[in-house]
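K.L.:
What follows is a single structure, and I will ask about it in a moment.
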Amino acid sequence: MPIENFGPAPIITARSAAVIDAKSGVVLFEKDPNIRHFPASTTKLMTALVALERCTPQTHIRVTAVIKDGTQMGISAGDLLTVESLLYGMLVASGNDAAYVLAYACSDSFSHFIASMNQKAKELRMENTHFVNPAGFDDPLQYSTANDLAKLAKVAVGNPLISKIVATKSTVVADVTGTKTYYLENINELLGEVEGIEGIKTGQTEGSLEILVTKTTRNGNTIIAVVLGSQDRFGESRKLIEWAFSNHHWESP
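Here the sequence shown stands for residues 1286 to 1538, numbered as in the numbering used here.
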């Protein structure tokens, strides 16, 4: 159980933020944590959870059409990939193309996949969250909060495959035939730069500004930090992480 030492919290530009102890759920920091905000590509954490409920990691998917907007994994129509490779493309490179392929392939219809995302949000008690697309494109009906994204992150990293993928700084995946490769580099600049950081997802659109959700473990204690609508997501997340560990100590129950 984390105990606060009452050091002053950092001042941040983020419109909304939350830092929680992953084990107990105790709130270590919050700034307007229930304000609805465009979730941008943090949406893909929910897309990954729902896809893995409906497809196995080794399921083969034939790409039939590709969304070309925003960040891309680099797939083309006709490519044959595993779900796992598409998850890497979606969560490491933040590929919108991979997100849409998973949504169409891992359900009987696109609308049913989106409905499943919203049902999962209800199950996770994400009370101020709604999705209309799997990639995180801005839409008045696509929203979440810092508190809700902290809940989502906690569950997402509880999945061993997702946890492994979001902690990956860079990798190369191949199609099923092994003839086409995709080089994937994580947008999260804190990976490998901040002690104990283990992912998990970036986000940025014109409407959302900068977003970052992180998981950091030190001395066996894990925190999840969320910043929404920031002007410096990496700098402010780093400040919150360092402050949280410097100004709290953990006691066994």
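Think of the CB as a built atom: it goes at the ideal place given N, C-alpha and C, for glycine as much as any other residue.
Remember, predicted model here, so these are calculated numbers, not experimental data.
Over the uninterrupted alpha helix (DSSP H) stretch that includes Asn1403, give me the two end residues.
P.N.:
Phe1395 to Glu1408
K.L.:
Could you tell me which whole beta strand (DSSP E) segments of length 3 or greater appear in the segment 1288–1329?
P.N.:
Qualifying beta strand (DSSP E) stretches, in chain order: 1301–1306 and 1312–1316.
K.L.:
Between the alpha carbons of Phe1323 and Val1304, how many angstroms are there, rounded?
P.N.:
19 Å
K.L.:
Here's a check: name, in chain order, each residue in its chain whose Cβ is nearer than 6 Å to the Cβ of Ala1438, leaving out the five neighbours to either side.
P.N.:
Ile1485, Val1498 and Ile1509
K.L.:
What does the alpha-carbon distance come out to for the pair Val1311 and His1534?
P.N.:
13 Å
K.L.:
Using DSSP with H/G/I as helix, E/B as strand and the rest coil, what is Glu1527?
P.N.:
helix
K.L.:
For Glu1408 and Gln1427, what's the separation of their Cα atoms in angstroms?
P.N.:
18 Å
K.L.:
If we count Cβ pairs, one from each stretch, closer than 8 Å, do we get three or more for the segment 1518–1534 versus the segment 1345–1365?
P.N.:
No, the segment 1518–1534 does not touch the segment 1345–1365.
K.L.:
Considering only residues of the same chain and omitting the five flanking positions on each side of Asp1423, which have a CB-CB separation below 6 Å?
P.N.:
Phe1323, Thr1490 and Gly1492
K.L.:
Would you call the CB atoms of Arg1300 and Gly1488 closer than 7 Å?
P.N.:
no
K.L.:
What are the boundary residues of the alpha helix (DSSP H) that includes Ala1390?
P.N.:
Per DSSP, Ala1390 belongs to the alpha helix (DSSP H) from Asn1381 to Ala1390.
K.L.:
Please classify Ile1450: does DSSP put it in a helix, a strand, or coil?
P.N.:
helix
K.L.:
One question on the structure: do Ala1390 and Ile1346 come within less than 7 Å of each other, judged by their Cβ atoms?
P.N.:
yes
K.L.:
When DSSP builds the beta bridges, which residues end up paired with Val1498?
P.N.:
Lys1486 and Val1511
K.L.:
Rounded C-beta distance between Ile1372 and Ala1420? I'm assuming under 8 Å.
P.N.:
According to the sequence as given, residue 1372 is Leu; it is not Ile. Rounded, the Cβ-Cβ distance is 14 Å, inconsistent with contact.
K.L.:
Helix, strand or coil for Thr1430 per DSSP?
P.N.:
In this structure, Thr1430 counts as coil in the three-state DSSP scheme.
K.L.:
Is Val1511 close to the ligand NAP? I mean its beta-carbon at under 6 Å from any heavy atom of the ligand.
P.N.:
Among the ligands in the structure shown, none appear at all, so the ligand NAP cannot be discussed.
K.L.:
Which ranges would you report for the alpha helix (DSSP H) in the segment 1345–1378 if only whole runs of at least 4 residues count?
P.N.:
The segment 1345–1378 contains these whole alpha helix (DSSP H) runs: 1368–1376.
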